[in-house]
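**Q**
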Amino acid sequence: MKGVAVPDAVGYIYVPAFIAIVLAGTVAAPLGVRMAHLLHVDVLKKIFAAVLILTATRMLLELNVSLLHV
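Reading the sequence shown from the start, the letters are residues 1416 to 1485 in the working numbering.
Below you can see the structure in the form of structure tokens.
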């Protein structure tokens, strides 16, 4: 079985997405480090917990929607 050729891809790497991720990481990493040093550990833990809960909720809602369309 042959693979499907994807425009703008080099092997398994989709170049436009790779560039976007690198640029976003380059901008966001220093901001994240600065925030981590300014905020108290308890606040950081609460922010991280909130992000995890939001992500899990979104994943469960998407799973529920996809199960309804089977």
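Positions of the beta carbon are idealized from the N, C-alpha and C atoms, including for glycine.
Values in this document were obtained by computation on a predicted structure and should not be read as measured data.
1) Along the chain, where does the alpha helix (DSSP H) that runs through Gly1440 open and close?
2) Can you round the beta-carbon distance between Tyr1429 and Val1421 to whole angstroms, since I take them to be within the 8 Å contact cut?
3) Between Met1450 and Lys1460, what straight-line distance do the alpha-carbon atoms span, to the nearest angstrom?
4) If we ignore side chains and look at the alpha-carbon of each, how far apart do Ala1435 and Ala1444 end up?
5) Can you give me the C-alpha to C-alpha distance between Ile1410 and Met1474, rounded to a whole angstrom?
**A** Answer, in terms of the structure:
1) Working through the sequence shown from its first residue, we reach residue 1440 at position 25. Residues 1430-1453.
2) Mapped onto the sequence shown, residue 1429 falls at position 14. Mapped onto the sequence shown, residue 1421 falls at position 6. Rounded, the Cβ-Cβ distance is 7 Å, consistent with contact.
3) One-based indexing of the sequence shown puts residue 1450 at position 35. One-based indexing of the sequence shown puts residue 1460 at position 45. One Cα belongs to Met1450, the other to Lys1460, and the distance between them is close to 13 Å.
4) If you number the sequence shown from 1, residue 1435 lands on position 20. If you number the sequence shown from 1, residue 1444 lands on position 29. Those two C-alpha atoms are separated by around 14 Å.
5) In the structure displayed, the chain extends from 1416 to 1485; residue 1410 sits before or after that span and is not available.
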